[in-house]
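Numbering (our numbering), first residue to last: 39 to 287.
All C-beta atoms, glycine included, are put in the ideal place defined by N, C-alpha and C.
Written out as C-alpha coordinates, the structure reads:
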(Lines of atoms letter the chains of each structure in order from A and count residues from 1; the text may use other names and numbers.)
(Lines give C-alpha, C1' and ligand atoms only; values in the text may rest on other atoms or scores of the structure.)
Protein backbone atom coordinates (compact mmCIF):
# COMPACT_ATOMS: atom_id res chain seq x y z
CA UNK A 1 0.00 0.00 0.00
CA UNK A 2 2.84 2.35 0.88
CA UNK A 3 4.43 1.62 -2.50
CA UNK A 4 1.20 2.49 -4.29
CA UNK A 5 0.87 5.71 -2.30
CA UNK A 6 4.47 6.60 -3.12
CA UNK A 7 3.95 5.98 -6.84
CA UNK A 8 0.69 7.96 -6.80
CA UNK A 9 2.41 10.89 -5.07
CA UNK A 10 5.27 10.91 -7.57
CA UNK A 11 2.86 10.73 -10.49
CA UNK A 12 0.78 13.61 -9.13
CA UNK A 13 3.95 15.61 -8.49
CA UNK A 14 5.14 15.09 -12.06
CA UNK A 15 1.77 15.88 -13.65
CA UNK A 16 1.18 19.05 -11.63
CA UNK A 17 4.78 20.14 -12.11
CA UNK A 18 4.63 19.67 -15.88
CA UNK A 19 1.38 21.62 -16.08
CA UNK A 20 2.97 24.49 -14.14
CA UNK A 21 5.92 24.40 -16.51
CA UNK A 22 3.57 24.56 -19.51
CA UNK A 23 1.65 27.40 -17.86
CA UNK A 24 4.86 29.39 -17.59
CA UNK A 25 5.78 28.57 -21.18
CA UNK A 26 2.48 29.96 -22.50
CA UNK A 27 3.42 33.42 -21.24
CA UNK A 28 6.14 33.53 -23.89
CA UNK A 29 3.52 33.37 -26.62
CA UNK A 30 2.73 36.98 -25.73
CA UNK A 31 6.41 37.89 -26.12
CA UNK A 32 6.59 36.19 -29.51
CA UNK A 33 3.59 38.20 -30.67
CA UNK A 34 5.03 41.47 -29.33
CA UNK A 35 8.44 40.99 -30.94
CA UNK A 36 6.81 40.20 -34.24
CA UNK A 37 5.61 43.81 -34.13
CA UNK A 38 8.54 45.64 -32.48
CA UNK A 39 12.28 45.12 -32.01
CA UNK A 40 12.56 46.53 -28.50
CA UNK A 41 10.50 47.18 -25.38
CA UNK A 42 11.62 50.34 -23.60
CA UNK A 43 15.10 49.92 -25.19
CA UNK A 44 15.36 46.27 -24.04
CA UNK A 45 15.85 43.81 -26.90
CA UNK A 46 14.23 40.39 -27.26
CA UNK A 47 16.97 38.44 -25.48
CA UNK A 48 16.99 40.83 -22.53
CA UNK A 49 13.20 40.76 -22.15
CA UNK A 50 13.26 36.96 -22.34
CA UNK A 51 15.89 36.94 -19.60
CA UNK A 52 13.74 39.27 -17.47
CA UNK A 53 10.74 36.95 -17.82
CA UNK A 54 12.80 33.84 -17.11
CA UNK A 55 14.50 35.46 -14.12
CA UNK A 56 11.09 36.41 -12.75
CA UNK A 57 10.00 32.77 -13.07
CA UNK A 58 13.16 31.60 -11.27
CA UNK A 59 12.72 34.07 -8.43
CA UNK A 60 9.02 33.37 -7.88
CA UNK A 61 9.61 29.61 -8.20
CA UNK A 62 12.13 29.76 -5.36
CA UNK A 63 9.64 31.49 -3.06
CA UNK A 64 6.77 29.26 -4.22
CA UNK A 65 8.85 26.16 -3.57
CA UNK A 66 10.29 26.95 -0.15
CA UNK A 67 8.36 29.84 1.41
CA UNK A 68 4.87 30.50 0.06
CA UNK A 69 3.22 27.22 1.17
CA UNK A 70 4.16 27.89 4.79
CA UNK A 71 3.15 31.54 4.54
CA UNK A 72 -0.25 30.62 3.08
CA UNK A 73 -0.86 28.25 5.97
CA UNK A 74 0.25 30.89 8.48
CA UNK A 75 -2.08 33.45 6.86
CA UNK A 76 -5.07 31.07 7.09
CA UNK A 77 -4.39 30.24 10.72
CA UNK A 78 -3.79 33.88 11.55
CA UNK A 79 -7.17 34.79 10.06
CA UNK A 80 -8.75 32.05 12.18
CA UNK A 81 -6.91 33.23 15.30
CA UNK A 82 -5.16 29.90 15.89
CA UNK A 83 -1.43 30.63 15.76
CA UNK A 84 -0.58 29.52 19.30
CA UNK A 85 1.39 26.55 17.96
CA UNK A 86 3.83 29.01 16.38
CA UNK A 87 4.29 30.88 19.65
CA UNK A 88 5.38 27.80 21.62
CA UNK A 89 8.06 26.67 19.16
CA UNK A 90 11.65 26.89 20.44
CA UNK A 91 12.77 28.49 17.16
CA UNK A 92 12.14 31.86 15.55
CA UNK A 93 8.45 32.24 14.66
CA UNK A 94 9.10 33.87 11.30
CA UNK A 95 11.55 31.14 10.33
CA UNK A 96 9.21 28.35 11.43
CA UNK A 97 6.13 29.83 9.73
CA UNK A 98 8.01 30.40 6.49
CA UNK A 99 9.51 26.93 6.13
CA UNK A 100 6.71 24.84 7.65
CA UNK A 101 5.64 23.53 4.22
CA UNK A 102 7.18 23.12 0.78
CA UNK A 103 5.64 22.70 -2.67
CA UNK A 104 7.98 20.57 -4.79
CA UNK A 105 5.88 20.96 -7.96
CA UNK A 106 7.63 24.28 -8.58
CA UNK A 107 10.94 22.48 -9.15
CA UNK A 108 9.91 21.92 -12.77
CA UNK A 109 9.43 25.67 -13.39
CA UNK A 110 12.67 26.47 -11.58
CA UNK A 111 14.78 23.97 -13.51
CA UNK A 112 13.11 24.75 -16.86
CA UNK A 113 13.67 28.50 -16.52
CA UNK A 114 17.21 27.94 -15.26
CA UNK A 115 18.13 25.82 -18.27
CA UNK A 116 16.65 28.45 -20.61
CA UNK A 117 18.70 31.21 -18.94
CA UNK A 118 21.91 29.20 -19.30
CA UNK A 119 21.11 28.61 -22.97
CA UNK A 120 20.54 32.33 -23.62
CA UNK A 121 23.75 33.27 -21.81
CA UNK A 122 25.77 30.79 -23.85
CA UNK A 123 24.21 31.52 -27.24
CA UNK A 124 22.93 35.11 -27.21
CA UNK A 125 25.18 37.12 -24.89
CA UNK A 126 28.82 38.01 -25.43
CA UNK A 127 31.43 39.02 -22.90
CA UNK A 128 29.57 37.84 -19.79
CA UNK A 129 32.09 37.57 -16.95
CA UNK A 130 32.10 35.15 -14.04
CA UNK A 131 31.63 38.10 -11.67
CA UNK A 132 28.52 39.18 -13.59
CA UNK A 133 27.09 35.65 -13.29
CA UNK A 134 27.82 35.56 -9.55
CA UNK A 135 26.20 38.98 -9.06
CA UNK A 136 23.21 37.84 -11.12
CA UNK A 137 22.71 34.81 -8.87
CA UNK A 138 23.08 36.97 -5.78
CA UNK A 139 20.43 39.35 -7.10
CA UNK A 140 18.05 36.43 -7.76
CA UNK A 141 18.50 35.40 -4.12
CA UNK A 142 17.83 38.97 -3.03
CA UNK A 143 14.75 39.20 -5.25
CA UNK A 144 13.33 36.15 -3.46
CA UNK A 145 13.98 37.91 -0.14
CA UNK A 146 12.19 41.03 -1.41
CA UNK A 147 9.10 39.08 -2.44
CA UNK A 148 9.11 37.00 0.74
CA UNK A 149 9.40 40.09 2.97
CA UNK A 150 6.73 41.92 0.98
CA UNK A 151 4.29 39.00 1.34
CA UNK A 152 5.09 38.57 5.03
CA UNK A 153 4.41 42.24 5.74
CA UNK A 154 1.04 41.97 3.98
CA UNK A 155 0.17 38.84 5.96
CA UNK A 156 1.10 40.48 9.26
CA UNK A 157 -1.32 43.31 8.47
CA UNK A 158 -4.02 40.84 9.56
CA UNK A 159 -2.90 41.45 13.14
CA UNK A 160 -4.09 45.04 12.81
CA UNK A 161 -6.86 44.92 10.18
CA UNK A 162 -8.71 41.82 11.37
CA UNK A 163 -9.51 39.23 8.70
CA UNK A 164 -7.94 39.58 5.26
CA UNK A 165 -8.15 36.62 2.92
CA UNK A 166 -6.26 35.72 -0.27
CA UNK A 167 -3.33 37.94 0.66
CA UNK A 168 -0.99 35.73 -1.35
CA UNK A 169 -3.03 36.45 -4.49
CA UNK A 170 -2.93 40.18 -3.77
CA UNK A 171 0.84 40.01 -3.34
CA UNK A 172 1.21 38.06 -6.60
CA UNK A 173 -0.84 40.67 -8.48
CA UNK A 174 1.24 43.53 -7.06
CA UNK A 175 4.47 41.65 -7.86
CA UNK A 176 3.46 40.60 -11.37
CA UNK A 177 4.76 43.79 -13.10
CA UNK A 178 8.22 42.52 -12.19
CA UNK A 179 8.16 40.22 -15.21
CA UNK A 180 8.67 43.30 -17.42
CA UNK A 181 11.58 45.77 -17.53
CA UNK A 182 10.73 48.50 -15.03
CA UNK A 183 11.84 51.20 -17.47
CA UNK A 184 8.41 50.85 -19.11
CA UNK A 185 6.98 52.50 -15.98
CA UNK A 186 7.42 56.26 -16.11
CA UNK A 187 7.49 58.99 -13.49
CA UNK A 188 6.10 58.17 -10.05
CA UNK A 189 5.32 54.56 -10.97
CA UNK A 190 8.98 53.94 -11.69
CA UNK A 191 9.88 55.13 -8.18
CA UNK A 192 7.10 53.06 -6.58
CA UNK A 193 8.18 49.88 -8.37
CA UNK A 194 11.80 50.31 -7.26
CA UNK A 195 11.24 51.21 -3.60
CA UNK A 196 7.79 50.78 -2.02
CA UNK A 197 6.88 47.69 -4.05
CA UNK A 198 10.39 46.85 -5.28
CA UNK A 199 9.43 44.73 -8.29
CA UNK A 200 12.40 46.17 -10.15
CA UNK A 201 14.58 43.88 -8.07
CA UNK A 202 12.48 40.86 -9.07
CA UNK A 203 14.10 40.52 -12.49
CA UNK A 204 15.05 43.84 -14.12
CA UNK A 205 17.99 44.59 -11.83
CA UNK A 206 19.38 41.02 -11.85
CA UNK A 207 19.34 40.95 -15.66
CA UNK A 208 20.74 44.48 -15.81
CA UNK A 209 23.63 43.41 -13.58
CA UNK A 210 24.22 40.35 -15.77
CA UNK A 211 24.29 42.26 -19.05
CA UNK A 212 26.14 45.31 -17.74
CA UNK A 213 23.21 47.72 -17.90
CA UNK A 214 23.43 48.22 -14.14
CA UNK A 215 26.62 48.67 -12.17
CA UNK A 216 27.74 47.35 -8.81
CA UNK A 217 25.87 50.12 -7.01
CA UNK A 218 22.65 48.25 -7.74
CA UNK A 219 24.05 45.15 -6.05
CA UNK A 220 24.93 47.19 -2.97
CA UNK A 221 21.52 48.87 -3.02
CA UNK A 222 19.85 45.46 -3.37
CA UNK A 223 21.68 44.04 -0.36
CA UNK A 224 20.86 47.07 1.80
CA UNK A 225 17.23 47.33 0.71
CA UNK A 226 16.64 43.60 1.13
CA UNK A 227 18.02 43.87 4.65
CA UNK A 228 15.69 46.77 5.37
CA UNK A 229 12.67 44.82 4.13
CA UNK A 230 13.62 41.80 6.26
CA UNK A 231 13.96 44.00 9.34
CA UNK A 232 10.62 45.69 8.64
CA UNK A 233 8.89 42.32 8.23
CA UNK A 234 10.34 41.14 11.55
CA UNK A 235 9.34 44.34 13.35
CA UNK A 236 5.79 44.20 11.96
CA UNK A 237 5.54 40.58 13.11
CA UNK A 238 6.80 41.47 16.59
CA UNK A 239 4.26 44.29 16.88
CA UNK A 240 1.51 41.97 15.66
CA UNK A 241 2.42 39.26 18.17
CA UNK A 242 2.26 41.79 21.00
CA UNK A 243 -1.19 42.82 19.83
CA UNK A 244 -2.29 39.18 19.50
CA UNK A 245 -0.95 38.28 22.95
CA UNK A 246 -2.59 41.35 24.47
CA UNK A 247 -5.95 40.50 22.95
CA UNK A 248 -5.63 36.90 24.13
CA UNK A 249 -4.78 38.00 27.64
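- Beta bridge pairing from DSSP links residue 122 with no other residue.
- Judged by DSSP secondary structure, residue 203 falls outside any alpha helix (DSSP H); it is assigned neither H nor E.
- Taking C-beta separations shorter than 7 Å and ignoring five residues to either side along the sequence, the partners of residue 87 in its chain run 69, 79 and 219, following chain order.
- If you check the CB distance, residue 252 and residue 258 do not come in under 8 Å.
- Distance between residue 241 and residue 203, taken at the CA atoms: about 27 Å.
- DSSP, reduced to helix, strand and coil, places residue 82 within a strand of the structure shown.
- Around the C-beta of residue 179, fewer than 16 other C-beta atoms lie within 10 Å, and the residue is accordingly described as exposed.
- Secondary structure of residue 161 (DSSP, three-state): helix.
- Beta-carbon to beta-carbon, residue 210 and residue 192 are separated by about 11 Å, too far to satisfy the 8 Å threshold.
- Here the segment 273-280 makes no contact with the segment 97-110; the two share fewer than three CB pairs at distances below 8 Å.
- Residue 156 sits in a helix when the DSSP states are folded into three classes.
- Put simply, the backbone Cα of residue 212 is about 8 Å away from that of residue 235.
- A residue is called buried once 16 or more other Cβ atoms fall within 10 Å of its Cβ, and residue 150 is buried on that count.
- Residue 196 and residue 117 have their alpha carbons spaced roughly 7 Å apart.
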